[in-house]
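The listed protein sequences correspond, in order, to chains A and B. Residue numbers for the first sequence, in this note's numbering: 1 to 243. Residue numbers for the second sequence, in this note's numbering: 1001 to 1103. So the structure is just underneath, and the comments pick up after that.
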Amino acid sequence: MSATNDADAAAAAGGFRKMSWLDLGTLLFASMAIGVAVTSIMEGVGTSWWVVMAACTFAYSGTGEVAYASVIASGGGITPAIVAALLVSSRFGLLAMSMPGRWKASLWERIAIAHSASEVAVAAAIEAQPYGERAARRAFWELALCTTAGWIIGSAVGLALGDVVGDTRRIGLDVVFPASFVGAVVNGLRRQDSAVAIVLGGSAAVALTPMLPAGVPVLIAAAASLLALAVPPRLWRRPGVTS
Amino acid sequence: MSPLGLALFLGGVFGLRMLGGFALGGLLAGNDRATRLLVLMPLSIVAAVIAVQTFTVKADVVIDARVVGIAVAAVLSWRKVPMGVVVVIAAATTALVRLTGWG
């Protein structure tokens, strides 16, 4: 295989994870569960129902809501809570930035892409990209639509049910979200430059978390990709594998 | 959240997204290095979000059952197991480890 095809080969190794209805249903259900949990946290700090619904639909940032709620719960004011929510959500601007040009889109689709560029949808698009623009577009929208639907329905269900969930950590709900986009990361490890971007980004974010406000470590981790530019976009050489 | 606060939160996040998707994205389009950067940057961000949600609680570095769940998810994803199965097994693994009383 030639060097230019390395990126494609890396992602293609082992085949394409096409989404089945079962996968999408599971993701929809998982997003619903997270929506219910986040809503009960928001209600716990006295947020009214219409604010919860407006936030989940238009800000569309669960981590932003949790950041807001945790500042309020620890006795902080509204202003620092909103600053915290915006900082935590700032990564969505960068994720939206990585989307244009992956496929041809109309103005309205570009607005919708920018609004719904969550980690899981962007990660699915990256994983599908080597299989062409159509595959990337399909993967992005499948994940974006079913997680958005689940998230908004879950928030509404959470408002209707109140605090019935209890400790969601008991059912492992806190790993559902990161587990859904770990696929793009392990694929990225097959290539030298993206592996550096991943390892630097991940370790910088954890190392900086104790000393910086939430959200800022992830922004600095995003800058790690600048360093990874210096690394060649090649696959790792493995003994016995001829390229 | 006051109406003004809500407007700031909604408008702020929406504005950041549109800034990224239009202003900044257009600025970098068409340059080779920039194109590579736009492939690498989301991977850094996604890795950072996974790392933060796996190894930290608020401002502390914490190693607990989540590490086992995400490690299992990583291995399954490497083996190209479908995403729905990965998510369910990761949550179940984390829950089982917690049943043992750790994390």
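Idealized CB from N, CA, C, for every residue including glycine. These figures come from a predicted structure and were not determined experimentally.
Taking its Cβ as the centre, do 16 or more other Cβ atoms sit within 10 Å of residue i, making it buried, or is it exposed?
i: valine 1061 of chain B; result: exposed
i: asparagine 251 of chain A; result: There is no way to answer for residue 251 of chain A, as the model of chain A reaches only from 1 to 243.
i: serine 243 of chain A; result: Residue confidence is low: serine 243 of chain A scores 45 on pLDDT, short of 50, so the model does not pin down where it sits. No coordinate-derived value is stated.
i: isoleucine 1063 of chain B; result: exposed
i: serine 1002 of chain B; result: exposed
i: tryptophan 50 of chain A; result: exposed
i: glycine 132 of chain A; result: exposed
i: proline 210 of chain A; result: exposed
i: alanine 184 of chain A; result: buried
i: arginine 1066 of chain B; result: buried
i: phenylalanine 92 of chain A; result: buried
i: glycine 1101 of chain B; result: exposed
i: valine 88 of chain A; result: buried
i: serine 2 of chain A; result: At serine 2 of chain A, the pLDDT of 37 sits below 50, so the modelled position is not reliable and the matter cannot be decided from this model.
i: alanine 1074 of chain B; result: buried
i: alanine 230 of chain A; result: exposed
i: serine 48 of chain A; result: exposed
i: valine 1057 of chain B; result: exposed
Anything in chain B within Cβ reach of residue i, meaning under 9 Å, just list it in chain order.
i: phenylalanine 92 of chain A; result: Val1013, Leu1016, Arg1017, Gly1020
By the criterion of Cβ-Cβ separation under 8 Å, what are the contact partners of residue i in chain A?
i: isoleucine 1070 of chain B; result: Val175, Pro178, Ala179, Val182
i: threonine 1100 of chain B; result: Per Cβ cutoff of 8 Å: no residues; threonine 1100 of chain B is ~13 Å from chain A at best.
Closest to residue i by C-alpha separation, out of the options, would be which residue?
i: arginine 190 of chain A; options: B:Ile1050, B:Leu1037, B:Arg1079, B:Val1085; result: B:Arg1079
i: leucine 1096 of chain B; options: A:Glu127, A:Arg169, A:Leu229, A:Ala136; result: A:Arg169
i: alanine 139 of chain A; options: A:Ser40, A:Ala73, A:Leu173, A:Ala117; result: A:Ala117
i: leucine 967 of chain B; options: A:Trp236, A:Arg237, A:Pro232; result: Since the first residue of chain B shown is 1001 and the last is 1103, residue 967 of chain B is not available in this structure.
i: isoleucine 1050 of chain B; options: A:Ala123, A:Tyr131, A:Ala54; result: A:Ala123
i: serine 136 of chain A; options: A:Ala156, A:Ile113, A:Thr147; result: Here residue 136 of chain A is alanine; the residue named in the question, serine, does not match the sequence. Answer by Cα proximity: A:Ile113.
i: phenylalanine 177 of chain A; options: B:Thr1094, B:Leu1099, B:Leu1019; result: B:Thr1094
i: phenylalanine 29 of chain A; options: B:Leu1024, B:Ala1034, B:Val1087, B:Ala1047; result: B:Val1087
i: isoleucine 220 of chain A; options: A:Trp236, A:Arg237, A:Ala197; result: A:Ala197
i: alanine 222 of chain A; options: A:Gly150, A:Ile111, A:Gly201; result: A:Gly201
i: threonine 147 of chain A; options: B:Met1083, B:Thr1035, B:Arg1098; result: B:Met1083
i: glycine 44 of chain A; options: A:Cys56, A:Gly25, A:Tyr68, A:Leu27; result: A:Tyr68
i: proline 100 of chain A; options: B:Ala1073, B:Val1057, B:Thr1035; result: B:Thr1035
i: aspartate 167 of chain A; options: A:Ala54, A:Ala84, A:Ala33; result: A:Ala33
i: leucine 227 of chain A; options: B:Leu1099, B:Leu1037, B:Gly1011; result: B:Leu1037
i: glycine 1020 of chain B; options: A:Leu208, A:Ala156, A:Met97, A:Arg234; result: A:Met97
i: serine 155 of chain A; options: A:Val52, A:Gly25, A:Met19, A:Val199; result: A:Val52
i: valine 1081 of chain B; options: A:Val218, A:Arg110, A:Thr47, A:Met19; result: A:Met19
i: valine 157 of chain A; options: A:Leu24, A:Ser31, A:Leu143; result: A:Ser31
i: alanine 105 of chain A; options: B:Phe1022, B:Gly1012, B:Val1057; result: B:Phe1022
i: glutamine 129 of chain A; options: A:Leu95, A:Val71, A:Ser225, A:Trp103; result: A:Trp103
i: serine 203 of chain A; options: B:Ala1090, B:Ala1048, B:Asp1032, B:Leu1006; result: B:Ala1048
Against residue i, what residues of chain B qualify as contacts under a CB-to-CB distance less than 8 Å, listed in chain order?
i: alanine 55 of chain A; result: Met1001, Leu1006, Phe1009, Leu1010
i: proline 217 of chain A; result: Ala1048, Val1052
i: isoleucine 41 of chain A; result: Result: empty, since nearest Cβ-Cβ is about 13 Å, beyond 8 Å.
i: alanine 228 of chain A; result: Leu1040, Ser1044
i: proline 233 of chain A; result: Arg1036
Name the chain A residues that come within less than 7 Å of residue i, Cβ to Cβ?
i: aspartate 1060 of chain B; result: Pro210
i: threonine 1056 of chain B; result: Val206, Thr209
Residues of chain B with a CB under 7 Å from the CB of residue i: which are they?
i: phenylalanine 140 of chain A; result: The premise fails here: phenylalanine 140 of chain A is roughly 12 Å from chain B at the closest Cβ pair, so nothing lies under 7 Å.
i: glutamate 119 of chain A; result: Val1046, Val1049
i: serine 98 of chain A; result: Leu1038, Met1041, Pro1042
With a cut-off of 8 Å on the beta carbons, I'd call residue i and residue j a contact; round off their distance for me.
i: valine 66 of chain A; j: isoleucine 82 of chain A; result: That belief does not hold up - the Cβ atoms of valine 66 of chain A and isoleucine 82 of chain A are roughly 13 Å apart, past 8 Å.
i: leucine 173 of chain A; j: alanine 37 of chain A; result: 6 Å
i: phenylalanine 181 of chain A; j: glutamate 119 of chain A; result: 5 Å
i: alanine 84 of chain A; j: alanine 214 of chain A; result: 6 Å
i: leucine 1010 of chain B; j: alanine 55 of chain A; result: 7 Å
i: isoleucine 1070 of chain B; j: valine 175 of chain A; result: 6 Å
Show which residues of chain C have a CB atom less than 9 Å away from the CB atom of residue i.
i: valine 185 of chain A; result: Protein chains in the displayed structure are A and B, and chain C is not among them.
Could you list the residues in the region 126 to 155 of chain A with a C-beta less than 7 Å from some C-beta on chain B, going in chain order? Here the close residues are Ile126.
Quick one, which residues of the region 20 to 47 of chain A are near chain B if we go by CB-CB under 8 Å, in chain order? Only those residues of the region 20 to 47 of chain A whose C-beta falls short of 8 Å from the nearest C-beta of chain B are listed: Ser20, Leu22, Asp23, Leu24, Gly25, Thr26, Leu27, Ala30, Thr47.
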